[in-house]
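So the sequence shown is residues 458 to 716, counted in our numbering.
Think of the CB as a built atom: it goes at the ideal place given N, C-alpha and C, for glycine as much as any other residue.
Report on one structure; see the data block that follows.
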Amino acid sequence: GLEKRSRRINPKEKKIVAYHESGHALMAETTKGARHVSKVSIIPRGLAALGYTLNTPEENKYMMQRHELVAEVDVLLSGRAAEEIFIGEISTGAGNDLERATDIIKSMVSVYGMSDVAGLMVLEKQRNTFIAPGYGNSREYSDKMAEDVDNYVKNLLQERYEAVKEHLKNYKGAIETMVESLYEHENIEGELVRKIIAEYEEEMNMESRLQPMGGHDDDIKSAKDARKAKKATKTEEKSVEKDGESKKNSNNIDEENSK
């Protein structure tokens, strides 16, 4: 719906919404596979939304890989996570986020064969969208399978939520800056969000981005190993260079003495 500037929210709710949306924005910009932020607002929109973070893909997409779906889940969970970290209490504002995150993970299990729970077996018929299968249909699988699916969804949601909280804690300063900007302007563009994050990362000398699970654990390990190897190589090069200078100085001294 359209923004409704005439619909004012109280200061307490405004604070909650500002942190909630800043959490979404931070997560979207620092998670591999997530869609970039176009705009963040704490102006009420429609009948229910007290604020929103508008994410747009860089190009038209007609399919999503597993890590992109998990990234979507991470972004959805980050609003509630920000409330818990910065406000100290959660609100009802994340209700729709949790519903969508749950649907995505259920789709991964029951439609796209992206888990070991059902393997390649399709448990639900696919609808037109890739993140909302038809759960209203009568199921054609066992109670045990249904229980396994529920446990998988519950556990993965909790696992991602904990990972998101830890990630947001690393960017507390950036989120506080976003909240201040939202308080002042009510709307901020994606460009400013990226600038705030970049300046914070530079200030804190950060080099990490959250890598959603989904076949990327090896990539994370490889990246870390590569950084360690690069650092070790530089150290070794400096050591060799230093030894070379020492030998050169020693030879010069010997030459002077021989004269």
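- In the structure shown, V621 adopts helical secondary structure according to DSSP, grouped into three states.
- Taking A538 as reference, the option from A482, E515 and K496 with the minimal CA-CA separation is A482.
- Taking the CA atoms as reference points, V494 sits about 17 Å from L526.
- Residue range G552 to S567 is occupied by the alpha helix (DSSP H) that includes S567.
- Between I500 and E643, the C-beta spacing is below 7 Å.
- Taking the C-beta atoms as reference points, V497 is found no nearer than 7 Å to T488.
- Proximity of the stretch 526-535 to the stretch 553-560 meets the contact definition, three or more beta-carbon pairs being nearer than 8 Å.
- A residue is called buried when at least 16 other Cβ atoms come within 10 angstroms of its Cβ; R465 does not meet this threshold and is exposed.
- Restricted to the stretch 475-546, the alpha helix (DSSP H) segments that are unbroken, complete and at least 4 residues in length are 523-539, listed in chain order.
- Under a 10 Å Cβ-count criterion, Y657 is classified as buried, with 16 or more other Cβ atoms of the shown protein chains found around its own Cβ.
- Nearest C-alpha to A491 among N467, K472 and H524: H524.
- DSSP lists S498 as the bridge partner or partners of N644.
- Within a 10 Å sphere around the beta-carbon of L577 sit fewer than 16 other beta-carbons, which makes this residue exposed.
- By alpha-carbon distance to I473, the top candidate from D600, M635, P514 and N662 is M635.
- In the three-state reduction of the DSSP assignment, D605 falls in the helix class, which pools H, G and I.
- Here the alpha carbon of G536 sits roughly 23 Å from the alpha carbon of Q522.
- If you ignore the 5 residues before and after K626, its C-beta comes within less than 8 Å of the C-beta of I542, all in its own chain and listed in chain order.
- Put simply, the backbone Cα of V568 is about 18 Å away from that of K601.
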